[in-house]
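Written out below as structure tokens is the structure these notes cover.
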Amino acid sequence: MHLKTTAFAAPRIIVLAFLFAPSLTAGELEVVFKDDSGQPIANAVVEVISPEVSLPLGLALTGMMDQVDKEFVGPVLLVVQNSLVQFPNSDDIHHHVYSYSDTKRFELPLYTGNTAEPVLFDKAGVATIGCNIHDWMVGYIYISQTHLAALSDSDGRAVLTELDAGEYKFRIWHSRIKNRDQATEYTVIVPESGTLQMALELELNPDRRIRRAPVSGRTNY
Ligand SMILES: [Cu+2]
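If you read the sequence shown in this note's numbering, its first letter stands for residue 1, the second for the next number, and so on.
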């Protein structure tokens, strides 16, 4: 068995399967996230925390979180530490974007279009992004230490490719994961060739986002 449960995994995080699927691409790790009713979980993060690797040359340290129809799009953005993130406003109203998170505090006062200066995320962690005008707008920026991190898609799949064979320790994150004070770390052995597939079942907190304000006439905000 190629798993060491490095303790602290939250109780409801269950390893469902370990499969080696043949692949022509050497060294892949695929984590599939599902909730306790079997539905795929999008926007969960897998981040390798050891071994420490250096960034590939020429890696673009940039990111973008758009605002469309008074929502942040992704709503989760994964960037590498020291990335500059652009916050374009694709609506024809003003937004006032901010974060009070320790990872990054910033404020982009009322603006339209693509006029806001990019924000440097120089500390690893998670920043919660809000808008002062539209209370229901919530986004998350996950700042990983290296490029060995992936966001799960609508099928719940997060894939790390081009991994050298060997032991990796990774952590997982989701904005609504229960028991978030507990570490959620795993150690796996990535094979020399093929994909190590891992299924994780997470119990999430209910979605408690603030309801959108009813549309009442057209204003500039
Ligand atoms: Cu707004």
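C-beta atoms are modelled at their ideal positions from N, C-alpha and C, and glycine is treated no differently.
Ligand 1 heavy atom lying under 7 Å from the CB of residue 223: Given a span of 1 to 221 for the chain in the structure shown, any question on residue 223 remains unanswerable.
Distance cut-off 7 Å: residue 178 Cβ against heavy atoms of ligand 3: Ligands displayed in this structure: ligand 1; ligand 3 is not among them.
Proximity test, residue 95 beta-carbon vs ligand 1 heavy atom, cut-off 7 Å: Working through the sequence shown from its first residue, we reach residue 95 at position 95. Correct: residue 95 has its Cβ closer than 7 Å to ligand 1.
Where residue 114 falls, given that 16 or more other Cβ within 10 Å makes a residue buried: Residue mapping note: residue 114 aligns to position 114 of the sequence shown, counting from 1. Counting Cβ neighbours within 10 Å, residue 114 comes out exposed, since fewer than 16 surround it.
Residue 165 and residue 31 closer than 8 Å at C-beta: Within the sequence shown, the letter at position 165 stands for residue 165. Within the sequence shown, the letter at position 31 stands for residue 31. Not a contact, by the Cβ cut-off of 8 Å.
Local Cβ density within 10 Å of residue 108, reported as buried at 16 or more and exposed below that: By 1-based counting over the sequence shown, the position of residue 108 is 108. Counting Cβ neighbours within 10 Å, residue 108 comes out buried, since at least 16 surround it.
Where residue 62 sits in the DSSP three-state scheme: Position 62 of the sequence shown, counted from the first residue, corresponds to residue 62. Reduced to three states, the DSSP call for residue 62 is strand.
With 16 other Cβ atoms within 10 Å as the buried cut-off, status of residue 59: In the sequence shown, counting from the first residue as 1, residue 59 sits at position 59. Residue 59 comes out exposed.
When 49, 195, 77 and 120 are compared against residue 169, the one with the closest alpha-carbon: The residue labelled residue 169 in the question sits at position 169 within the sequence shown. Out of 49, 195, 77 and 120, 49 has the C-alpha closest to the C-alpha of residue 169.
Cβ distance (whole Å) where residue 85 is taken to contact residue 141 below 8 Å: For the purposes of this step, residue 85 is taken as the residue at position 85 of the sequence shown. For the purposes of this step, residue 141 is taken as the residue at position 141 of the sequence shown. About 7 Å separates the two Cβ atoms, so the contact holds.
Stretch pair the region 96-106 + the region 36-46: three plus CB contacts closer than 8 Å: no
Sequence-distant residues of its chain with Cβ nearer than 6 Å to residue 134 (five each side left out): For this step, residue 134 is matched to residue 134 along the sequence shown. Excluding positions up to five away in sequence, the list reads 70.
Exposure label - residue 213; buried when at least 16 CB within 10 Å: Here residue 213 refers to the residue found at position 213 of the sequence shown. It is exposed - the Cβ of residue 213 has fewer than 16 other Cβ atoms within 10 Å.
Distance between residue 105 and residue 155 (C-alpha atoms, nearest Å): Looking up residue 155 in the sequence shown gives position 155. Looking up residue 105 in the sequence shown gives position 105. Answer to the nearest angstrom: the Cα atoms are 32 Å apart.
Extent of the continuous beta strand (DSSP E) to which residue 173 belongs: The sequence position of residue 173 within the sequence shown is 173, counting from 1. Start and end: 166-173.
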